[in-house]
Structures are given as structure tokens and as C-alpha cells.
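K.L.:
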Amino acid sequence: MAAKLTYFNGRGRAEVVRYVLAGAGIEFTEEFLEKPEDIEALRATGKLIFRQVPLLEIDGRAITQTEAMIRYIARNYGLYGSSEDEMIRCDMIYDGLKDAQVGLCGVKMEFLPSDVEKEANKKQMKEKIAKYFPMLQGFLADNNGKFLVGDRLSFVDLVFLHDLEWVQDCLGEEILKEYATIQAYRFQLQSLPNVAKYLASPQKKNYPDATYLASVRKVLYP
């Protein structure tokens, strides 16, 4: 049975999970929340332990909280390195990516009500990039440029690829040209068969527009 991801019909907090599912080669269906009754019915099932989405149903389990989903997929589908040391390395880099918050800045961008707030968010993204990207580029250079950890794809590669998409969409391609190793790494990841298949599929979500934002508000703030 295919996994099922329940969320809104857009990127948000679920997009990074889609990247990791795709990278693992896991087929998944999606159920979109469209009205307040949808999320209330889901809450009534008891599956949402913090009463919020996304929800991933996989292998007979109902998993909430994005990070829990990512780590579950990584542990069980070969995306957590090949040794204890590599698992630790994955965890350290993942926590660093969370500290950088580049992806999270992208997720919240279109929900900011004013241009002033959006520009402040972009400024924060640029500051985080200046701080963290040289270190991440160094990790890649020390590891032959192909993956962040070891000699094969791990979940941190997919999380970083997700974050890089937000960087491109929010700040433009030019900023990534300053980091040639990261840019080459990004293109290499995008060409991996499972990732390329996802990026070209109807399941890949575009940058959020006003229609998407209105659909989220309709469900959460009727």
C-alpha cells in the first residue's frame, strides 16, 4: 500500500517530507484539506497528537511532526548513512540546517502581511546563508562534492535540496552562483532518478500563490 500524506495542496511544512519520500523511492498519495470540517474530522481520529498537519500514514503507522516523519523514512528506507558515525554526522548536519532556518524562512515568506516584513525575512535568509553555506560547502568539498555524508544519498541531502529551492525562489539564482560547489551538488541531486521523477511530477508543488494562501486560511481560520 502506498504511503499517504495529508496536508494542504501546496508546499508548506509538507514539501520537505515529499522530497524525502521521493528520494527514498516511496510512492505516496495525497489528501488535501479543503474546508474546516476536513481538519476537524482528522483531529477527531486522534491521529494528530498536536492537532496539526501534515500527517504521514506509512507502514501501518500514523506519524505527525515533520522531523519525526523525516527521521522515520531515513531510518527505515536507507537514508541515514551506513554506520553509526554517519548517522551521527547526519544528525549534526540536520540540526545545523534547522539552525540555519533557510527553508523555514521560505515557508513563511508568503504569509508575511507587508513588504517590509518580507524584506526583513529575505535579509535574515541572506545572513543565514552567509553564515552556514561556507561550512556546508566545506563539508561537500571534503566529501568529493557529491553528498553531505558518506558515499550515498542521505536525508540531509534531500532536506538541503529542499532548502535550496526556497533560496532560489525567494532570493533568485544569482545568490547560489557564489557557491559553485553547492550549485554543482544541487544539479547533481536534481538529476538522481527518483528526485528527477518527483520534480517533474504533478505532485511537485509550485511557489505558493494567493490561491494557496487563501485555501490554508479557509481551513484554519474560518
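Going by the UniProt record's numbering, the first residue of the sequence shown is number 1, and it counts up by one from there.
Glycine included, each C-beta is placed from N, C-alpha and C at the ideal position.
The model shown is predicted, which means the values in this text are computed figures rather than measured ones.
#1: If you draw a straight line from the alpha carbon of ILE93 to that of GLN52, how long is it in whole angstroms?
#2: So is ALA22 buried or exposed if we call it buried at 16+ other beta carbons inside 10 Å?
#3: Using C-beta distances below 7 Å, list every residue in its chain close to HIS162, excluding the 5 sequence neighbours before and after it, in chain order.
#4: According to the Cβ coordinates, are GLN137 and THR66 closer than 9 Å?
#5: How is the alpha helix (DSSP H) around THR64 delimited, first residue to last?
#6: With a threshold of 16 other CB atoms inside 10 Å of the CB of TYR221, please say whether the residue is buried or exposed.
#7: Who are the Cβ neighbours of ASP99 in its own chain at under 8 Å, not counting the five residues just before and after it?
#8: Excluding the 5 residues preceding and the 5 following LEU176 in the sequence, name in chain order all residues of the same chain whose CB lies nearer than 6 Å to its CB.
#9: Of the residues CYS170, LEU42, TYR198, SER83, which one's Cα is nearest the Cα of ASP115?
#10: Report the residue from ILE88, ALA120, GLY25, ASP38 whose alpha carbon sits nearest the alpha carbon of ALA2.
#11: Which two residues bound the contiguous alpha helix (DSSP H) that contains ALA44?
#12: Between which two residues does the alpha helix (DSSP H) containing LYS123 stretch?
#13: Have a look at LEU55, GLY10, LYS146 and flag the residue whose alpha-carbon is nearest the alpha-carbon of residue 303.
#14: If I'm right that ILE73 touches LEU79 with Cβ under 8 Å, what's the distance once you round it to whole angstroms?
#15: Which of the three DSSP states, helix, strand or coil, is assigned to ILE175?
P.N.:
Let's see:
#1: Whole-angstrom Cα-Cα distance: 26 Å.
#2: The residue in question, ALA22, is buried, as its Cβ has 16 or more Cβ neighbours within 10 Å.
#3: Around HIS162, the same chain offers GLU15, VAL16, TYR19, GLY103 as residues with beta carbons nearer than 7 Å, after the five sequence neighbours per side are excluded.
#4: The Cβ atoms of GLN137 and THR66 do not sit closer than 9 Å to each other.
#5: If you look at THR64, you'll find it isn't in any alpha helix (DSSP H); it sits in the beta strand (DSSP E) that goes 61 to 64.
#6: Under this definition TYR221 is an exposed residue.
#7: These residues qualify, in order along the chain: TYR132.
#8: Counting only residues of its own chain and dropping the five nearest sequence neighbours on each side, LEU176 has a CB closer than 6 Å to the CB of GLN183.
#9: Cα-wise, what sits closest to ASP115 is CYS170.
#10: ALA2 has its Cα closest to that of GLY25, out of ILE88, ALA120, GLY25, ASP38.
#11: Looking at the DSSP string, the run of the alpha helix (DSSP H) that includes ALA44 is 36 to 44.
#12: For LYS123, the uninterrupted alpha helix (DSSP H) segment begins and ends at 115 to 142.
#13: Summary: the structure shown does not reach residue 303, with the chain confined to residues 1 through 222, and so no result is reported for it.
#14: The C-beta distance from ILE73 to LEU79 rounds to 6 Å, short enough to meet the 8 Å contact threshold.
#15: Residue state, collapsed to three classes: helix.
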